[in-house]
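Here is the structure we will look at, set down as structure tokens.
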Amino acid sequence: MEARNQRLTARTGRNLPAAIGIALAFAAVMLGSQLAYKPSFMVVAAFLIGVGVYELASAMRFGGRDVPRIPSVIAGVAIVPAAYFGGPEAALVVLLGGVVLIAAWRAVEFLGTTPRLTVASLGQDVAAGLFVQLYVTLLGVCTVLLTALPDGNLWVIGFVVVVVAVDTGAYATGLNFGKHPMAPRISPKKTWEGFAGSVTAALIAGVLISWLMLGQAWWFGLVLGVLITLSATLGDLTESLIKRDLGIKDISTFLPGHGGMLDRIDSVLPSAAVAYVLYLVVH
Numbered sequence: 532m533e534a535r536n537q538r539l540t541a542r543t544g545r546n547l548p549a550a551i552g553i554a555l556a557f558a559a560v561m562l563g564s565q566l567a568y569k570p571s572f573m574v575v576a577a578f579l580i581g582v583g584v585y586e587l588a589s590a591m592r593f594g595g596r597d598v599p600r601i602p603s604v605i606a607g608v609a610i611v612p613a614a615y616f617g618g619p620e621a622a623l624v625v626l627l628g629g630v631v632l633i634a635a636w637r638a639v640e641f642l643g644t645t646p647r648l649t650v651a652s653l654g655q656d657v658a659a660g661l662f663v664q665l666y667v668t669l670l671g672v673c674t675v676l677l678t679a680l681p682d683g684n685l686w687v688i689g690f691v692v693v694v695v696a697v698d699t700g701a702y703a704t705g706l707n708f709g710k711h712p713m714a715p716r717i718s719p720k721k722t723w724e725g726f727a728g729s730v731t732a733a734l735i736a737g738v739l740i741s742w743l744m745l746g747q748a749w750w751f752g753l754v755l756g757v758l759i760t761l762s763a764t765l766g767d768l769t770e771s772l773i774k775r776d777l778g779i780k781d782i783s784t785f786l787p788g789h790g791g792m793l794d795r796i797d798s799v800l801p802s803a804a805v806a807y808v809l810y811l812v813v814h
């Protein structure tokens with residue numbers, strides 16, 4: 532069994548038993564908070580966004596950028612209750628305030644640095660901090676905005692199920708039939724065969740979720756499946772590109788032997804924005 536797990540790890544680039552365990556734990560916590568008491572999801576979202584922001588801000592240092600972690604995490608956590616109780620307008624205010632706080636924090640550090648850094652370097656650090664907020668905080672908070680809407684919790688559960696279908700379809704098909712690399716310079720293990728499997732799985736899951744959970748027509752499930760496939764794949768490739776640019780294998784070691792939390796939710800982040808927009812379109 533151990534030898535088999537090692538072969539799977541070598542072929543897929545990850546510890547499969549650990550991946551399954553983490554996915555099940557995440558699903559249990561997410562489902563419990565969404566179905567039992569919607570406001571409790573704020574705790575889950577604040578934790579995931581806060582950890583993700585901390586991980587990416589820390590990883591930026593491998594690329595020579597110093598993103599202040601404390602104000603970054605404060606902004607990432609503070610936006611959660613703002614979004615849930617105040618909607619997108621309040622979330623935007625907190626996001627902008629967070630960026631200002633990050634810039635001010637880095638400016639104070641800049642003034643106290645000896646020898647003093649260049650203004651260009653300060654600007655690059657602030658730009659990196661802005662990217663962290665847009666990539667993790669803004670995309671992540673879409674799950675909170677969606678949860679706060681009528682039946683939004685069902686949409687969150689639904690799109691996460693489709694994301695899982697995308698990942699599962701890509702993994703199973705790519706593992707058994709993958710021969711043609713999709714983006715070898717960015718993510719060598721991702722194949723076109725795996726992508727085809729992810730599309731098929733997402734279409735099936737999308738139609739079922741649309742019909743059984745969201746009260747939408749079957750064709751909406753096809754739209755949902757296609758868009759979530761594209762967003763999940765884009766999220767995976769984007770994170771791979773970030774890590775390759777920074778020269779690291781994993782965003783962090785938050786999950787020992789399995790990378791960081793952000794490595795696990797990279798497909799969820801852009802998919803949350805897609806699901807939120809789709810909800811607004813059909814309501």
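Residues 532 to 814 in my numbering are what the sequence shown lists, from first letter to last.
Even glycine gets a Cβ: it sits at the ideal position worked out from N, Cα and C.
From a predicted model like this one, the values you see are computed outputs, not experimental measurements.
*In chain order, which alpha helix (DSSP H) runs of at least 4 residues are fully inside the segment 712–743?*
723–740
*Out of 809, 794 and 763, point me to the one whose CA is closest to residue 580's CA.*
794
*Expressed to the nearest angstrom, what Euclidean distance is found between the alpha-carbon atoms of residue 691 and residue 577?*
17 Å
_Using 8 Å as the threshold, is the C-beta distance between residue 621 and residue 609 below it?_
no
*Does the pairing of the segment 687–706 with the segment 715–735 give three or more beta-carbon distances under 8 Å?*
yes
*Are the Cβ atoms of residue 553 and residue 786 separated by less than 8 Å?*
yes
*Which whole-angstrom value describes the C-beta separation of residue 604 and residue 584, a residue pair presumed to lie in contact below a C-beta threshold of 8 Å?*
5 Å
*Under three-state DSSP, which class holds residue 802?*
helix
_residue 783 and residue 589 - do their beta-carbons sit closer together than 8 Å?_
yes
*Please go through the same chain and pick out, in chain order, the residues whose beta-carbon is closer than 6 Å to the beta-carbon of residue 791, but skip the five residues on each side of it.*
586, 781, 782, 783 and 785
*Alpha carbon of residue 653 to alpha carbon of residue 635, nearest angstrom*: 11 Å
_Which runs of the alpha helix (DSSP H) at least 4 residues long sit entirely within the segment 743–780? Give them in chain order._
749–777
*What is the residue span of the alpha helix (DSSP H) that residue 783 lies within?*
Unbroken run through residue 783: none, as it is neither H nor E.
*asked:* What does the Cβ neighbour count give for residue 710, buried or exposed, with the cut at 16 atoms within 10 Å?
replied: exposed
*Whole angstroms is fine: what's the gap from residue 619's alpha carbon to residue 765's?*
24 Å
*residue 710 by DSSP, collapsed to three states: which one?*
coil
*Proximity winner among 555, 814, 812 and 572, relative to residue 687 (alpha-carbon distances)*: 572
*For residue 596, does the three-state DSSP call read helix, strand or coil?*
coil
*Report yes or no: do the segment 589–599 and the segment 655–669 share at least 3 C-beta pairs separated by less than 8 Å?*
yes
_Taking its Cβ as the centre, do 16 or more other Cβ atoms sit within 10 Å of residue 566, making it buried, or is it exposed?_
exposed
*asked:* For a test of the three-state rule: what should DSSP assign to residue 539, helix, strand or coil?
replied: Caution applies to residue 539, whose pLDDT of 48 falls short of 50 and renders its modelled position unreliable; the value that the coordinates give is listed next. If DSSP states are grouped into helix, strand and coil, residue 539 belongs with the helices.
*In three-state DSSP terms, what is residue 790?*
coil
*Helix, strand or coil: which one does DSSP assign to residue 797?*
coil
*asked:* Beta-carbon within less than 7 Å of residue 747's beta-carbon, same chain only, minus the 5 sequence neighbours each way: which residues are those?
replied: 741 and 813
*Taking the alpha-carbon positions, what's the residue 662 to residue 751 distance?*
32 Å
*asked:* Mapping the DSSP letters down to three states, classify residue 643 as helix, strand or coil.
replied: coil
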